[in-house]
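So the structure is just underneath, and the comments pick up after that.
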Amino acid sequence: MSNDKIKVAVIGTGNIGTDLCERLLKDPKFEVIAFVGRRSTSSGLNRMHGRVPNLLDSGIKSLEPFWAHLDGVFDATSASAHAEHWAIVQKRKKWIIDLTPSRIGKPLVPVLIDKSPSMKISTEYVANYSMVTCGGQSSAALIYAITKHAKSVEEVEISSSIASLSAGPATRNNIDEYIDSTENMATLLTGCSAVKSILVLNPAEPPVMMRTTVHVRAANFDLVQILKESRDLVAKVKSYVPGYDLVVEPHVAGSGQISATVKVLGSGFYLPEYSGNLDIINAAAVETATQHVHLSRLNRERITT
Amino acid sequence: MISFYDVTLRDGNHAMRHSLTPEFVREYCQIAEQSGVWAVEVGHGNGIGASSFLVGKAKSDDNSLLTAARENLKKVRLAVHAIPGFATIKRDIIPAIKAGVDIFRIGTHVTEVTTAQKHVEYLSGQNQTVHGVLMMSHAIDLKGLVSQAKLMAGYGASAVVLMDSAGNYVPKDVALRVNALKQEIGVQVGFHAHNNLGVGVSNAISAIENDATIIDGSSMGLGAGAGNAPLESIIVNYRRMESTAPSLDKFLEMSHLVETKCPEYLPRTTSSSIQSGDAGVFSGFAPQVRQLAAEFGVSQEDLWQELGKRRLVAGQESMIREIAQDLMNL
Numbered sequence: 000m001s002n003d004k005i006k007v008a009v010i011g012t013g014n015i016g017t018d019l020c021e022r023l024l025k026d027p028k029f030e031v032i033a034f035v036g037r038r039s040t041s042s043g044l045n046r047m048h049g050r051v052p053n054l055l056d057s058g059i060k061s062l063e064p065f066w067a068h069l070d071g072v073f074d075a076t077s078a079s080a081h082a083e084h085w086a087i088v089q090k091r092k093k094w095i096i097d098l099t100p101s102r103i104g105k106p107l108v109p110v111l112i113d114k115s116p117s118m119k120i121s122t123e124y125v126a127n128y129s130m131v132t133c134g135g136q137s138s139a140a141l142i143y144a145i146t147k148h149a150k151s152v153e154e155v156e157i158s159s160s161i162a163s164l165s166a167g168p169a170t171r172n173n174i175d176e177y178i179d180s181t182e183n184m185a186t187l188l189t190g191c192s193a194v195k196s197i198l199v200l201n202p203a204e205p206p207v208m209m210r211t212t213v214h215v216r217a218a219n220f221d222l223v224q225i226l227k228e229s230r231d232l233v234a235k236v237k238s239y240v241p242g243y244d245l246v247v248e249p250h251v252a253g254s255g256q257i258s259a260t261v262k263v264l265g266s267g268f269y270l271p272e273y274s275g276n277l278d279i280i281n282a283a284a285v286e287t288a289t290q291h292v293h294l295s296r297l298n299r300e301r302i303t304t
Numbered sequence: 000m001i002s003f004y005d006v007t008l009r010d011g012n013h014a015m016r017h018s019l020t021p022e023f024v025r026e027y028c029q030i031a032e033q034s035g036v037w038a039v040e041v042g043h044g045n046g047i048g049a050s051s052f053l054v055g056k057a058k059s060d061d062n063s064l065l066t067a068a069r070e071n072l073k074k075v076r077l078a079v080h081a082i083p084g085f086a087t088i089k090r091d092i093i094p095a096i097k098a099g100v101d102i103f104r105i106g107t108h109v110t111e112v113t114t115a116q117k118h119v120e121y122l123s124g125q126n127q128t129v130h131g132v133l134m135m136s137h138a139i140d141l142k143g144l145v146s147q148a149k150l151m152a153g154y155g156a157s158a159v160v161l162m163d164s165a166g167n168y169v170p171k172d173v174a175l176r177v178n179a180l181k182q183e184i185g186v187q188v189g190f191h192a193h194n195n196l197g198v199g200v201s202n203a204i205s206a207i208e209n210d211a212t213i214i215d216g217s218s219m220g221l222g223a224g225a226g227n228a229p230l231e232s233i234i235v236n237y238r239r240m241e242s243t244a245p246s247l248d249k250f251l252e253m254s255h256l257v258e259t260k261c262p263e264y265l266p267r268t269t270s271s272s273i274q275s276g277d278a279g280v281f282s283g284f285a286p287q288v289r290q291l292a293a294e295f296g297v298s299q300e301d302l303w304q305e306l307g308k309r310r311l312v313a314g315q316e317s318m319i320r321e322i323a324q325d326l327m328n329l
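Those protein sequences? They're chains Z and C, same order as listed.
FYI, numbering that gives the first Met the number 0 numbers position 64 of the first sequence as 63, with every residue one higher than the one before it.
FYI, numbering that gives the first Met the number 0 numbers position 129 of the second sequence as 128, with every residue one higher than the one before it.
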């Protein structure tokens, strides 16, 4: 049965949830069973008329009749609502992909699955994956490539600039949480506790594309290996985030210091191209769900055959 | 009554490439305490919590600088600048409260005030004195400026400070904006000049004439880009306007200290600063522009112009390399 579509619900009908829903509808591996909001007048819900069979407007409890048909859910609501959603999903023995900055789930950056020891697909079917932040998703490949070929990593810094228009009220209100969550991922990846994350909003018109710069200070580097590994990993990210590019390759930026910059152009499912920050989170969510289901189906086949 | 707000030990740290030490802070604050300044702001050029590869690593950490200042300021208030996105409440603001800071200035790019809501509300909820700072204040129309200033006041800021971060204003620009805020927002208005066009002092005087009550300046103008309005020059002007103005002696002593301690960092108005000011680009980019123009063999003037065209904001230092690279490949 491993060729079955992955049956999912998306909770949260804001910008992220709506973009995610569009993305899943275009992906032949997925079937969107339900799109869940809190208001019947939500423009996100109305947009999906005739395209998603069940448009529900009473939050997660309206999923009651559908659990038997679902493999898992995507949570694009808020950090405070996520804890409740996760409790229900666990009871129903499903997986959940957390797109909120709740920091409840396990941070996961798809390109590093089985590369970094901290990034693994769960062997348990019931699982909660956190998509960290856009800064986290866009920097992880570079952080991994640089620190893998460095000795004694002393400091890691991630700075991202995004278009003001792409930063909604939730991002603005949770800027400290964003910094915390991004730094937490960098520590998890590198074991280094001297980590810093910076977020800058740029209001220029036309809107700027997201850029993330990684700086690493360490005792020793192998720049040739770093370049090779970065190009390779950037190409792998590009397979699920087409607008991801290395715009400044890793270079020595001072004594014991390497730096590199990526640009993230959105793929324009629902949100405009300058929303690379939102695009990379949603792309990561879809990729994570795909890999989680793939692994659990393989395991199930192994048991049944 | 004007409150003179001394940014030598914060904005000046930009000019010093963030090499400020507790020893210098101590020596400076001992004179400042006797001078008649209202507050002394201390820290990294981009505020507390900003030491980074992106905008420059500080030689001394926030806490050691703040402690040195606190030990030597009794009457005079100790102030910090903090930018959401760099500084967080937990990591930077709470420790600064514990270090005895009296005034917190929370700054954002002029269009992005909503990112400061939590920080301003937190501080005013803790009964701390909190000011809202609108950085790059030239980069918005008057209506937008007033509505962003109103947000700051609504979150609980007891003053809103207009920063001319690019040194773009001439005196009539300052008059127009200060007046509009005085009429509309119902909290104190402050002004912070940069001297890119050579009119920093005139701009500060224009702010005073239009009833701004908090005036920023730094000794010898020590600050980002072409520097700030020199505090001693503001004072000497103000003495001709107001009989209760502070005496000049200690201000000259502070500027002498700066002149002697860091002659290599003294800012000046140059052809490059006039171009960046006129193009409305953040003054703090100057060191990166100098370095990268040389590295890529492009002219500083071209690089400033391109930064202006792409409307870079403070904190996008890492894009200067990409832009220099693009210019080289033209």
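We treat Cβ as the ideally placed atom computed from N, Cα and C, and that holds for glycine.
Using a Cβ-Cβ cut-off of 8 Å (strictly less than) and excluding sequence neighbours within five positions of residue i, which residues of its own chain qualify?
{"i": "M0(Z)", "result": "Annotation note: pLDDT 45 at M0(Z) (below 50); position unreliable, coordinate value reported separately. For M0(Z), where only same-chain residues beyond five positions count, the Cβ hits under 8 Å are R296."}
{"i": "P21(C)", "result": "S59, S63, L64, T66 and A67"}
{"i": "Q147(C)", "result": "V109, T110, V112, L133 and I139"}
{"i": "V199(Z)", "result": "S158, S159, S160 and I161"}
Rounded to the nearest angstrom, how far is the Cβ of residue i from that of residue j, given a contact under 8 Å?
{"i": "G255(Z)", "j": "R216(Z)", "result": "5 Å"}
{"i": "S164(C)", "j": "F281(C)", "result": "5 Å"}
{"i": "V72(Z)", "j": "I95(Z)", "result": "5 Å"}
{"i": "A78(C)", "j": "E40(C)", "result": "4 Å"}
{"i": "N202(C)", "j": "Y237(C)", "result": "With a Cβ gap of about 14 Å, N202(C) and Y237(C) do not count as contacting."}
{"i": "H17(C)", "j": "G55(C)", "result": "5 Å"}
{"i": "P100(Z)", "j": "N173(Z)", "result": "6 Å"}
Can the beta-carbon of residue i be found closer than 8 Å to that of residue j?
{"i": "P83(C)", "j": "I102(C)", "result": "no"}
{"i": "V312(C)", "j": "L302(C)", "result": "no"}
{"i": "A225(C)", "j": "T269(C)", "result": "yes"}
{"i": "H81(Z)", "j": "D70(Z)", "result": "no"}
{"i": "G222(C)", "j": "V75(C)", "result": "no"}
{"i": "S34(C)", "j": "P229(C)", "result": "no"}
{"i": "F3(C)", "j": "G48(C)", "result": "no"}
{"i": "L24(Z)", "j": "S117(Z)", "result": "no"}
{"i": "L277(Z)", "j": "D18(Z)", "result": "yes"}
{"i": "L53(C)", "j": "I59(Z)", "result": "no"}
In or out: residue i buried (at least 16 other Cβ within 10 Å) or exposed?
{"i": "L329(C)", "result": "exposed"}
{"i": "N333(C)", "result": "Nothing about residue 333(C) can be read from this structure; chain C reaches only from 0 to 329."}
{"i": "M253(C)", "result": "buried"}
{"i": "H48(Z)", "result": "exposed"}
{"i": "T260(Z)", "result": "buried"}
{"i": "N298(Z)", "result": "exposed"}
{"i": "T303(Z)", "result": "exposed"}
{"i": "N126(C)", "result": "exposed"}
{"i": "M0(C)", "result": "exposed"}
{"i": "T122(Z)", "result": "exposed"}
{"i": "E294(C)", "result": "exposed"}
{"i": "V31(Z)", "result": "buried"}
{"i": "H68(Z)", "result": "exposed"}
{"i": "E154(Z)", "result": "buried"}
{"i": "K150(Z)", "result": "exposed"}
{"i": "T87(C)", "result": "buried"}
{"i": "G348(C)", "result": "In the structure as shown, chain C begins at 0 and stops at 329. Residue 348(C) is therefore absent and cannot be evaluated."}
{"i": "L19(C)", "result": "buried"}
{"i": "T287(Z)", "result": "buried"}
{"i": "S317(C)", "result": "buried"}
{"i": "D3(Z)", "result": "exposed"}
{"i": "L141(C)", "result": "exposed"}
{"i": "M240(C)", "result": "exposed"}
So, at 6 Å on beta carbons, what are the nonlocal neighbours of residue i in its own chain, with the 5 sequence-adjacent residues on each side left out?
{"i": "H130(C)", "result": "R104, A156, A158 and V160"}
{"i": "A174(C)", "result": "S205 and N209"}
{"i": "T107(C)", "result": "T114 and A115"}
{"i": "C133(Z)", "result": "N276, I279 and I280"}
{"i": "M327(C)", "result": "F295 and V297"}
Quick one: what's got a C-beta closer than 7 Å to residue i's C-beta in the same chain, skipping five residues either side?
{"i": "A144(Z)", "result": "I225, E228, S229 and L232"}
{"i": "V152(Z)", "result": "T146, T189, C191, V215 and A217"}
{"i": "I273(C)", "result": "N195 and L196"}
{"i": "G307(C)", "result": "A278, G279 and V280"}
Give the DSSP bridge partners of residue i, in chain order.
{"i": "D5(C)", "result": "V39(C) and G216(C)"}
{"i": "G55(C)", "result": "S51(C)"}
{"i": "E30(Z)", "result": "K6(Z)"}
Please confirm whether any heavy atom of the ligand SAM lies closer than 7 Å to the CB of residue i.
{"i": "L164(Z)", "result": "In terms of ligand content, the structure shown is empty, and the ligand SAM therefore cannot be addressed."}
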